[in-house]
Amino acid sequence: MSAFGTWRLKMESTLGNADGIVEIAQQPDGSLTGTARSFATGESFRVWDVEYSGDTLVWRQLIKKPVRLNLSITVRIDGDEMTGTAKPRMMPGIATVSGQRVSIHPGAEVPGAAVARPLPS
14 MSAFGTWRLK
24 MESTLGNADG
34 IVEIAQQPDG
44 SLTGTARSFA
54 TGESFRVWDV
64 EYSGDTLVWR
74 QLIKKPVRLN
84 LSITVRIDGD
94 EMTGTAKPRM
104 MPGIATVSGQ
114 RVSIHPGAEV
124 PGAAVARPLP
134 S
């Protein structure tokens, strides 16, 4: 099964928890792109350096709550479930990541999610 679609995520760490959505899509040229959205703030963030091989999906993203961090996220996908870790780029510590696919189509509406704010230019 692919990594594409809309995923509801939960990150848990000693700094706090964060819930949100990540959307992964394949572009016509074969590259992978994505957008992450915070449930707490409704803010959207670009996802970059997206790679998918075998059952492993890797991406980088920014979060602003509970603290501002640049994360490197690695998850294993098993059907419509994902589990893995998020590592802050410039500090020690690892968060656990879990998620459920809510749609195979990026951009799907997710019940309980905050209204998305536009991506910054």
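Per the working numbering, the sequence shown starts with residue 14, numbered consecutively. Each residue gets a CB set at the ideal place from its N, CA and C atoms; glycine is no exception.
- A residue is called buried when at least 16 other Cβ atoms come within 10 angstroms of its Cβ; G47 meets this threshold and is buried.
- Within the region 81–112, the runs of beta strand (DSSP E) that reach at least 3 residues and sit entirely inside it are, in chain order, 82–91, 94–101.
- If the five residues before and after K23 are omitted, its C-beta is found closer than 8 angstroms to the C-beta atoms of N30, A31, D32, V110, S111, G112, all from its own chain and listed in chain order.
- Looking at the DSSP output, Q40 shares a beta bridge with no other residue.
- A direct Cα-to-Cα measurement between G55 and I34 gives close to 10 angstroms.
- Following the DSSP letters along the chain, one finds T27 in no beta strand (DSSP E), marked with neither H nor E.
- In terms of CA proximity to P105, S26 leads the group S116, T19, S26, F17.
- Counting of Cβ neighbours within 10 angstroms places E64 among the exposed residues, the total staying below 16.
- Nearest C-alpha to P101 among I90, M95, I76: I76.
- When DSSP states are grouped into helix, strand and coil, T54 belongs to the coil group.
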